[in-house]
Amino acid sequence: MNQPSPASGKMPSEQRKEQIIRAATELFAEAGYVGTSLRDVAEKCGMTKAALYYHYPDKESLLKAVVKARMTRLNATVEKGLEGVGDDPLDRIRAFLMACAKQIDTDRSGWVVGARIFWSIANIPDREEMIELRDHFESLLKNEVVRAMDQGILRKEDPGMVTRMLLSWLNYIPRWHRPGGKMNVMEVSDEFLRLSLAGLRA
Numbered sequence: 004m005n006q007p008s009p010a011s012g013k014m015p016s017e018q019r020k021e022q023i024i025r026a027a028t029e030l031f032a033e034a035g036y037v038g039t040s041l042r043d044v045a046e047k048c049g050m051t052k053a054a055l056y057y058h059y060p061d062k063e064s065l066l067k068a069v070v071k072a073r074m075t076r077l078n079a080t081v082e083k084g085l086e087g088v089g090d091d092p093l094d095r096i097r098a099f100l101m102a103c104a105k106q107i108d109t110d111r112s113g114w115v116v117g118a119r120i121f122w123s124i125a126n127i128p129d130r131e132e133m134i135e136l137r138d139h140f141e142s143l144l145k146n147e148v149v150r151a152m153d154q155g156i157l158r159k160e161d162p163g164m165v166t167r168m169l170l171s172w173l174n175y176i177p178r179w180h181r182p183g184g185k186m187n188v189m190e191v192s193d194e195f196l197r198l199s200l201a202g203l204r205a
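Residue 102 in my numbering sits at position 99 of the sequence shown, and the numbers go up by one each step.
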């Protein structure tokens, strides 16, 4: 369903950008990047294609804006999820992953676009900025994995590989999990974490 603009036809620029990003996120997740046109996004927002061009001149810049918004929000969510958690690295690993699971549960489309679609597109402008956001995100988990290994809680393995393994099952949850099923996203993530740690304990 289209999201009509206010009766006046006017909307503050930042609010309009947020509307465009929300619409593009949903469409990219549903139809894919190639299957979504700027006309589709404009129609979903109830605006003209020319008005959309004013904010985002091409589809690549719009995809970048979608992923930047998602990664910035995800980093903030994870950092907040780690606040108040004790020093035990396993508790912090769990807090990190459960914060991610909650993000999947509340913003599944954003997770699909940020985790899968963006990285399959080569010609995205200023890709380095997105890589920095991603690297910061991964470092929050990797640091705790390293601490768990240093303390003898987990076996000494390549911490980068362990980090990517944990993130891999998170990234695949939106592909197969269906809301309203036997287990919710949080329960699925908790079980995957239990199985992962069972195989990694020293």
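The beta-carbon is built from N, C-alpha and C at its ideal position, and this holds for glycine as well.
Cβ neighbour criterion (16 or more within 10 Å) applied to Thr110: Along the sequence shown, one-based indexing puts residue 110 at 107. Reading the sequence as shown, one finds Asp at residue 110 and not Thr. With 16 or more other Cβ atoms within 10 Å, it is buried.
Straight-line gap, Gly84 to Leu136 (C-alpha atoms, nearest Å): Residue mapping note: residue 84 aligns to position 81 of the sequence shown, counting from 1. Residue mapping note: residue 136 aligns to position 133 of the sequence shown, counting from 1. Gly84 and Leu136: Cα-Cα distance of roughly 17 Å.
Same chain only: Cβ atoms within 7 Å of Ser64, ignoring 5 sequence neighbours per side: Here the question's residue 64 lines up with position 61 in the sequence shown. Taking Ser64 as the centre and dropping the five residues before and after it, the same chain places the C-beta of Pro128 closer than 7 Å to its C-beta, in chain order.
Sheet register partners of Arg204 (DSSP bridge): Reading the sequence shown from its first residue, position 201 is the one you call residue 204. Its beta-bridge partners are Leu157.
Contact under 8 Å by Cβ, Gly35 with Ile120: Residue 35 sits at position 32 when you count from the first residue of the sequence shown. Residue 120 sits at position 117 when you count from the first residue of the sequence shown. Contact: yes.
6 Å CB neighbourhood of Met189 in its chain, flanking five on each side removed: Numbered from 1 along the sequence shown, position 186 holds the residue referred to as residue 189. Hits under 6 Å: Ala104.
Assigned secondary structure, Thr109 (DSSP; H/G/I helix, E/B strand, else coil): Translated into the one-based positions of the sequence shown, residue 109 becomes position 106. Reduced to three states, the DSSP call for Thr109 is helix.
C-beta atoms of Phe99 and Leu55 nearer than 8 Å: For the purposes of this step, residue 99 is identified with residue 96 of the sequence shown, where counting begins at 1. For the purposes of this step, residue 55 is identified with residue 52 of the sequence shown, where counting begins at 1. Not in contact: Phe99 and Leu55 (Cβ atoms no closer than 8 Å).
Of the listed residues Arg130, Ile134, Ala151 and Asp138, nearest to Asp91 (C-alpha basis): Here the question's residue 91 lines up with position 88 in the sequence shown. That would be Ala151, whose Cα lies nearest to the Cα of Asp91.
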